[in-house]
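Working notes, beginning with the structure itself.
Protein chains: 2
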Amino acid sequence: MRQIGVGILGFGTVGAGVVDGLQRNRGKLAERLDIDIVLRRVADLDISTDRGVAVEMSVLTTDARLVVGNPQIDIVVELIGGCGIARQLVREALEAGQSVVTANKKLLAEHGSELFELAEKKGVDLYFGASVGGGIPIIRTIREALSGNEIESILGILNGTCNYILTRMEAEGLSFDDALAAAQMEGYAEADPTLDVDGYDTLHKSAILAALAYGFTPDVHTLSVTGIRGVVDAKDIRYAKALGFRIKLLGIIRRQGGEVEVRVEPTLVAEDSMLGSVNGVFNAALVECDLAGTTLYYGRGAGRLPTASTVIGDIADVAFNRVHNAPLKVIIPKSRVPVRLKPSGEVQSRHYLRVSIKDEVGTMAKVASVLAAKGVSIASVLQQDIADASGGFVPIVILTHKARKADVEAALAEIDQLDIVGQRTVRLGIE
Amino acid sequence: MRQIGVGILGFGTVGAGVVDGLQRNRGKLAERLDIDIVLRRVADLDISTDRGVAVEMSVLTTDARLVVGNPQIDIVVELIGGCGIARQLVREALEAGQSVVTANKKLLAEHGSELFELAEKKGVDLYFGASVGGGIPIIRTIREALSGNEIESILGILNGTCNYILTRMEAEGLSFDDALAAAQMEGYAEADPTLDVDGYDTLHKSAILAALAYGFTPDVHTLSVTGIRGVVDAKDIRYAKALGFRIKLLGIIRRQGGEVEVRVEPTLVAEDSMLGSVNGVFNAALVECDLAGTTLYYGRGAGRLPTASTVIGDIADVAFNRVHNAPLKVIIPKSRVPVRLKPSGEVQSRHYLRVSIKDEVGTMAKVASVLAAKGVSIASVLQQDIADASGGFVPIVILTHKARKADVEAALAEIDQLDIVGQRTVRLGIE
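Here the protein sequences come in this chain order: A and B. Heads up, the numbering used here is the position in the first sequence plus 27, with the first residue counted as 1. Heads up, the numbering used here is the position in the second sequence plus 27, with the first residue counted as 1.
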């Protein structure tokens, strides 16, 4: 049986999971692939901390150069993260003719094009399944299973930390701060949760999905991103629920003609829909295509073993490709039709608005007339929770029909100037 | 750009969908694969009926031999169905060195081993993604994405007809007959619905999943199959709902040690679970693995374009494999550990029992003591719907803890003999 050598860069949570998984299921992989996948080296600056998995000392090294460029190592697995040394080592491995498997979403979202070009030039594979969706094979599915489809849209719950926080807020009526604290206690949120709760993690993942689906690599720095911190209030979760919705942080990728929408925002989804049923740390992606129609992929979006599952699935593929001398199956498609980013103001969707309004005759009519003047049409209004009244203002929830975001924002700018309106109006999308 | 020639056998619903999809998205496939996939021939005995898709007359033929063995055709797509001429043509195509893509679950479930051996001998591919799950890439996922995992279980809602019927029964309180009639009117059920409603379609699909997951090819004729016709009553759907469950026809594939459970039966699943949220004609498979944990795949399990999506995904893979001379990626794994079918009586699960019992003091105690004598422990009892009482008998619903099916059946055989018990006790599984 042909052997394929693997070296891992980064012996953190996921690195240890990959080592664990490769050890446990080496026989199973051999059964399935007819290839013996051999872990030859694991490099990390810290090789003394116990990672909960037994590795021979001869395998551990602090020297990344024993992995990168080592002719015994066919596949380099990059699990360092970030765009510093990780980028350098991935470049060097590709230059040396090694194939690379990575879970580094930031690296791909920011330097993907450069790395894919290099991989193509050198005729080696660069796989990145675990960069989006953890244990959910969403990348592989879009790339391969749906390759015969025109993809219309992808709606993703792509960050387990946010989904855990939103689930706790809904289930127990917690404030954001309390739910975040709970997530931190459970190990589901970092001490500095910025990347998660402010939406950047979801944004990086959305950019990767857009590249895969449309051959369109957006500059992540120009994309519209709204997280959940300081945006989603326990009140809004309660009102949404009263209307049959749950609030989820969604990555939204959608093509219409030559324009692609790539954005991240807290969004109302129907409570009894498949996306609405995704709770806790679980992630999911809902994909709409011309042939397959609606499909959904659900699982754990992070964590030691789920992420390792996807990394090992990539290793298996790359190993097969190397044995059969058939690399470059995974190419980021180059769109033949020019596509451009849809300006965020041009995006059409339904909207949830919570207006803080004086509880007097005629005030709602004033708000409605501003919306009407901007072409924003009201679908329904909810005013049920007078308990939330404060300072003579009551919250009114308005669900609009589909409207341009720019029109809604222009209307809200005017509405928030009215003297019958109290605190700033909250706007969320609806899908 | 390298061309790969495709020929289709069978110009029915799915055949026409594949033609449609290949025509629509030929450019997109070329973008993604760097291969031009060319439809060269479509063979069917009937080439005069309008299939809703335009095909050049020079492509249509009534002669299957212009597809099978045609050196211009690299990939033969078999969409005839059944085990007669389809089996013969698939064999001939493989013998001739053509790769085969098929959606024929019956052929694979009954003759898979023989065909895979032949494909391996000839060094060509035999792909079968659309044989299970229609537009859901469940086969590809188990085969590739989860290849680094030990698969613990697969629970599948694999038949859209049954799920549609059960959904209508629950949502509208319809009887089975009325819901079946509705499904037939909508085109979701055949005039003779036996294969669907009696569970055989789900059984064939479950057998294929077992082979993929465990390298274990059960003889489908020895498997335990219970459908929904004559088994699931509107009453049971109502009681299940009152207890927070929905009834779904599940294909259940599970390994414990050297034994694999492969069976089909109507089963209670929690209403707010992901499987419980799968309604209408949609299908889903819930997979439990050692690394990925819980994942779920959801979509349309049948239909012209969803099935075509998966067939075309297979064509794309096989085309890539041919261009790169790397066939046989998809092998049904051969288990190194001997596995055997778990006898259906040995299967452990929770059970739902509806006992028709005399409304007298002490009758419940008698039923409970029979269950206890067989080691079946009661988790909860529901008696709420006296409206269903008839002839002095009232329905009592008992949910058991985990118990061997043989023990439950032995208990029920005794219970049904008691003079305090009216009609035969209904038993369903719970997952």
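Built from N, CA and C at the ideal position, the CB exists for glycine as well. Just so it is clear, the structure is predicted and the values come from calculations on it, not from any experiment.
Less than 7 Å between the C-beta atoms of residue i and residue j, yes or no?
i	j	result
A:V305	A:Y191	no
B:V247	B:A136	yes
A:L182	A:E458	yes
B:A120	B:S158	no
A:I405	A:T427	yes
B:I102	B:I342	yes
A:E315	A:S233	no
A:I31	A:I62	yes
A:K432	A:V374	yes
A:A209	A:M196	no
A:G328	A:G139	no
B:I165	B:A392	no
B:G44	A:N52	no
A:K429	A:R349	no
B:T321	B:G278	no
B:R78	B:F38	yes
B:V252	B:P293	no
Mapping DSSP to helix, strand and coil, what is residue i?
i	result
B:E179	strand
B:H378	strand
B:S32	According to the sequence provided, residue 32 of chain B is Gly. The question's Ser does not apply to it. DSSP places B:G32 in strand when its eight states are reduced to three.
B:Q50	helix
A:E458	coil
A:F38	coil
B:L295	strand
A:F347	helix
A:A130	coil
B:V82	coil
A:I447	coil
B:I405	strand
B:P333	helix
A:K369	coil
A:T390	helix
A:A353	coil
B:S300	coil
B:A439	Position check: residue 439 of chain B holds Leu in this sequence, whereas Ala was assumed. In the structure shown, B:L439 sits in a helix (DSSP, three-state: H, G or I).
A:V397	helix
A:V45	helix
A:V453	strand
Pick out whichever of the options has its Cα sitting closest to the Cα of residue i.
i	options	result
B:I280	B:G242, B:D299, B:Y266 and B:I255	B:G242
B:K55	A:D317, A:Y227 and A:A208	A:D317
A:T337	B:E83, B:G37, B:T168 and B:D90	B:T168
B:D223	B:I100, B:L276 and B:R327	B:L276
A:L295	A:V104, A:R53 and A:Y266	A:Y266
B:E286	B:L368, B:I447, B:E171 and B:L36	B:L368
B:A81	B:V95, B:G42 and B:A216	B:G42
A:A353	B:V128, B:T390, B:L60 and B:S383	B:L60
A:L380	A:G418, A:P422, A:R454 and A:P245	A:R454
A:Q450	A:K429, A:F420, A:I425 and A:A430	A:F420
B:G150	B:S407, B:T390 and B:V345	B:V345
B:L145	B:L193, B:G161, B:V117 and B:S407	B:V117
A:A424	A:M301, A:G418, A:P370 and A:K262	As written in the sequence, residue 424 of chain A is Val, which differs from the Ala given in the question. Looking at the Cα atoms, A:K262 is the closest of the given residues.
B:A269	B:G79, B:D73 and B:L409	B:L409
B:G389	B:L445, B:A216 and B:G161	B:L445
A:I178	A:A237, A:R29 and A:S75	A:A237
Name the DSSP bridge partner or partners of residue i?
i	result
B:N310	B:G326
A:G528	Missing from the structure shown is residue 528 of chain A; chain A here goes from 28 to 458 and no further.
B:G278	B:G183 and B:V291
A:I74	Bridge partners of A:I74: none, in fact.
A:Q283	A:E286
B:R273	B:V296
B:D63	B:Q30
B:I422	The identity of residue 422 of chain B in the sequence shown is Pro, whereas the question assumes Ile. BP columns for B:P422 point to B:S383.
B:R68	B:G34
B:I102	B:V33 and B:S126
B:R265	Beta-bridge pairing links B:R265 to no other residue.
A:R431	A:Q375
Alpha helix (DSSP H) runs contained entirely in the segment 182-262 of chain A, provided each spans 4 or more residues: If we require 4 residues or more, the alpha helix (DSSP H) runs fully inside the segment 182-262 of chain A come out as 187-199, 203-212, 221-224 and 227-241.
Within the segment 112-174 of chain B, ranges of the alpha helix (DSSP H) (whole runs, at least 4 residues): 112-122 and 132-149
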